[in-house]
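Residue numbers 1 to 248, in full-length UniProt numbering, belong to the letters of the sequence shown in order.
This report refers to the structure that appears directly beneath it.
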Amino acid sequence: MAFSPAEATVDRSSPVPLYYQLAQQLEAAIESGDLARGTQLGNEIALADQLGLSRPTVRRAIGYLVDRGLLVRKRGVGTQVVQPRVRRPLELTSLFDDLTGGDQDPTTEVLSLHEQPAPDLVARSLALAEGAPVAVLERLRYARGEPLAVLRNYLPADLVPLSAEALERTGLYQLMRAAGIRLHLATQTVGARCATAAEARLLRDRKGGALLTMQRTAYDDTGRAVEFGNHYYRASLYSFEFVLSSQR
Numbered sequence: 001m002a003f004s005p006a007e008a009t010v011d012r013s014s015p016v017p018l019y020y021q022l023a024q025q026l027e028a029a030i031e032s033g034d035l036a037r038g039t040q041l042g043n044e045i046a047l048a049d050q051l052g053l054s055r056p057t058v059r060r061a062i063g064y065l066v067d068r069g070l071l072v073r074k075r076g077v078g079t080q081v082v083q084p085r086v087r088r089p090l091e092l093t094s095l096f097d098d099l100t101g102g103d104q105d106p107t108t109e110v111l112s113l114h115e116q117p118a119p120d121l122v123a124r125s126l127a128l129a130e131g132a133p134v135a136v137l138e139r140l141r142y143a144r145g146e147p148l149a150v151l152r153n154y155l156p157a158d159l160v161p162l163s164a165e166a167l168e169r170t171g172l173y174q175l176m177r178a179a180g181i182r183l184h185l186a187t188q189t190v191g192a193r194c195a196t197a198a199e200a201r202l203l204r205d206r207k208g209g210a211l212l213t214m215q216r217t218a219y220d221d222t223g224r225a226v227e228f229g230n231h232y233y234r235a236s237l238y239s240f241e242f243v244l245s246s247q248r
């Protein structure tokens with residue numbers, strides 16, 4: 001049964017702010033799919049009356065979720081649920097694995113697949129001779145039908161057989177594992193920048209929209225560099241998740 005925002009409950013004796021209690025329940029319903037994409041929330045006055053909360057409390061809860069990319073306010077339409085943002089842990093996994101595990105229904109469009117001499121940065125990252133042949137694949141990854149990321153990867157040319165058909169069915173790391181390559185560790189750099197017009201068209205976003213970027217070199221269990229990736233993601237739908245621990 002679908003979740004209604006009016007069903008949310010708050011504990012007035014809790015030290016947790018009321019707006020945050022409401023926001024957390026709405027976020028959980030969006031993430032689980034109980035509040036489906038496109039669902040319209042009641043107006044703030046009606047919702048505040050139904051919940052017995054003040055309008056500023058409800059407005060702050062909704063604003064919090066708008067800032068997190070889970071709700072959008074549209075003039076003349078009201079507040080709507082948008083696709084939940086994908087949170088990706090910084091682990092040695094592929095985006096396909098993470099989306100599959102998160103019930104995000106990933107699909108892939110292969111934009112290009114070819115072989116070329118390695119550019120300088122790629123050759124250095126993969127410890128190859130300058131100009132050595134590399135396989136280059138560029139894919140557009142979707143989550144629940146929405147374009148999420150453009151993935152450009154370079155591999156030593158003779159590392160693993162690749163085809164557009166296989167890459168549309170499954171993830172690159174699954175194909176590598178099937179070929180007997182045991183991924184062990186990676187170095188990774190995360191950044192941010194604005195989308196070019198061409199990138200925005202691919203991702204159905206606006207020119208200058210925020211992108212998260214990731215550059216990764218992955219190594220197998222023998223220490224050999226087996227993949228260099230250069231990816232960018234729609235920041236409105238995607239985030240990286242860090243787990244931090246104290247050093248004693």
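No residue lacks a Cβ here, since even glycine has one placed at the ideal position from N, Cα and C.
Query: With residue 227 as the anchor, note down where its beta strand (DSSP E) starts and where it stops.; Result: 225-234
Query: Should residue 26 and residue 53 be called a contact, given that it needs their Cβ atoms to be closer than 9 Å?; Result: no
Query: Exposed or buried, what is residue 236 when buried is set at 16 or more other beta-carbons lying within 10 Å of its beta-carbon?; Result: buried
Query: Looking only at its own chain, which residues have a Cβ that is under 6 Å from the Cβ of residue 112, when we skip the five neighbours before and after it?; Result: 138
Query: Can you give me the C-alpha to C-alpha distance between residue 189 and residue 214, rounded to a whole angstrom?; Result: 6 Å
Query: So, residue 166 versus residue 154, is the Cβ gap smaller than 9 Å?; Result: no
Query: Classify residue 62: buried if its beta carbon has 16 or more other beta carbons within 10 angstroms, exposed otherwise.; Result: buried
Query: Give me whichever residues DSSP pairs with residue 73 in a beta bridge.; Result: 79
Query: From residue 168 to residue 5, what does the alpha carbon distance come to, in whole angstroms?; Result: 38 Å
Query: Looking at the structure shown, is residue 37 part of a helix, part of a strand, or coil, going by DSSP?; Result: coil
Query: From what residue to what residue does the beta strand (DSSP E) around residue 258 run?; Result: This structure cannot settle anything about residue 258, because the visible part of the chain is limited to 1 through 248.
Query: Identify whether residue 222 lies in helix, strand or coil by the three-state DSSP scheme.; Result: coil
Query: With DSSP as the reference, label residue 110 as helix, strand or coil.; Result: strand
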